[in-house]
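Student:
Residue numbers (this note's numbering): 7 to 376.
1) Would the segment 134-151 count as touching the segment 65-72 if we require 3 or more Cβ pairs under 8 angstroms?
2) So the candidates are 310, 337, 136 and 301; which of them puts its Cα closest to the Cα of residue 191?
3) Could you give the uninterrupted runs of the beta strand (DSSP E) lying entirely in the segment 129-168, keeping only those of 3 residues or more?
4) Quick check on the burial criterion: 16 or more other C-beta atoms within 10 angstroms. Buried or exposed for residue 324?
5) For residue 377, which residues from the same chain have a beta carbon less than 7 angstroms from its beta carbon, with the 5 sequence-adjacent residues on both sides left out?
6) Exposed or buried, which one is residue 303 when buried takes at least 16 other CB atoms within 10 Å?
7) Quick one, which of 160, 264, 255 and 218 has its alpha-carbon nearest residue 244's?
8) Indicate whether residue 298 and residue 279 have their beta-carbon atoms separated by less than 7 angstroms.
9) Note down, in chain order, each residue of its chain lying with its Cβ closer than 8 angstroms to the Cβ of residue 156, except the 5 sequence neighbours on either side.
10) Does the pairing of the segment 258-265 with the segment 200-215 give three or more beta-carbon distances under 8 angstroms?
11) Spell out the partners DSSP gives residue 246 in its beta bridges.
12) With DSSP collapsed to three states, give me the class of residue 107.
13) Is it right to say residue 119 is buried, meaning 16 or more other beta carbons lie within 10 angstroms of its own, or is it exposed?
14) Find the nearest neighbour of residue 181 within the set 172, 194, 164 and 170, judged by alpha-carbon distance.
15) Which value, in whole angstroms, describes the spacing of the CA atoms of residue 332 and residue 360?
16) Should residue 355 be labelled buried (16 or more other beta-carbon atoms within 10 Å of its own) or exposed?
17) Taking only the alpha-carbon atoms, compute the straight-line gap between residue 284 and residue 197 and give it to the nearest angstrom.
18) Do you know how far the Cα of residue 116 is from the Cα of residue 264?
19) Give the straight-line distance between the Cα atoms of residue 229 and residue 154, rounded to the nearest whole angstrom.
20) Assuming residue 326 is part of the alpha helix (DSSP H), what are its boundary residues?
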């Protein structure tokens, strides 16, 4: 089983590499090692007509709207810097999934991809996720475009289709994402997300259910607020239950027992039904993630027509600010030793409460917190 798992990872790598030379040339799979960023990798060309980014050149056009400041953030990968607070959160989530969800050979069920290139095509970022051509999330004012074809991903969901198409059915994706936003203590144009996806076959979903062999994943009916037109109610409810149970276990692992949780119905183009999870933390309801039953059209187009699944996405900064009492999102980019040393712990699950003993200045952002 270990050998077969290894072969599957190798096949994923080869499949993604092939895509890089065809329709999805921007999808640079770096999960198996990448070089450290240099100034040359994240600098706009002097001519103004070409952007050099992560070793590739991109011709600019009327869609291009990248600044040197944003380009300088590409390749920093704060979530992969050991003992950075975002790294701690990522490792805690990864450890939880590795321990709680294992296959028959006792190997982790979920594979993790935390170094995929943030440069994606607009098709990956929008079309693959069924986001309509006129959807406001595509606006130039909300995204960072290298040109009409390539952009910096606005969410880690941009990799869902590729990984499903490669044959994976349970994975986590972690990475930096880019959205144009006003900078303040709660908002920054570069932040980090963790995405989770799991697919189920008929046998996997109905295993252990009485008379499960008579149940079906799919039907042709009418879409409602509770299910998609192609899903049976039984399949939808079981996937929804597994999703909510999985995420409840995750936040309980992060925040401890006794946590009050509520689910709020919402809308995402690529899931239905969709939900947001809120937690009651110190008397305040806080949104921590979005999730839902994956749109079957997306799953089918990726080649997994016989499966049904769920997906979720959470912000690492959001969780870290709550867990570690970090008051300003810009502090995550600080190189001030007084900030960084507080997170150098021997155990990733050790409780850390950030202490602002004296004003911290982030010279790059020209601000101080006190």
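Think of the CB as a built atom: it goes at the ideal place given N, C-alpha and C, for glycine as much as any other residue.
Tutor: Quick answer:
1) yes
2) Among 310, 337, 136 and 301, the Cα nearest to that of residue 191 is on 337.
3) 156-158
4) buried
5) With the chain running from 7 to 376 in the structure shown, residue 377 is simply not present.
6) exposed
7) Comparing Cα positions, the closest option is 218.
8) yes
9) Closer than 8 angstroms at the Cβ level, and outside the excluded window around residue 156, lie 32, 64, 125, 126, 127 and 128.
10) no
11) Answer is none; residue 246 lacks a bridge partner.
12) coil
13) buried
14) 164
15) 6 angstroms
16) exposed
17) 20 angstroms
18) 27 angstroms
19) Answer to the nearest angstrom: the Cα atoms are 34 angstroms apart.
20) 322-330
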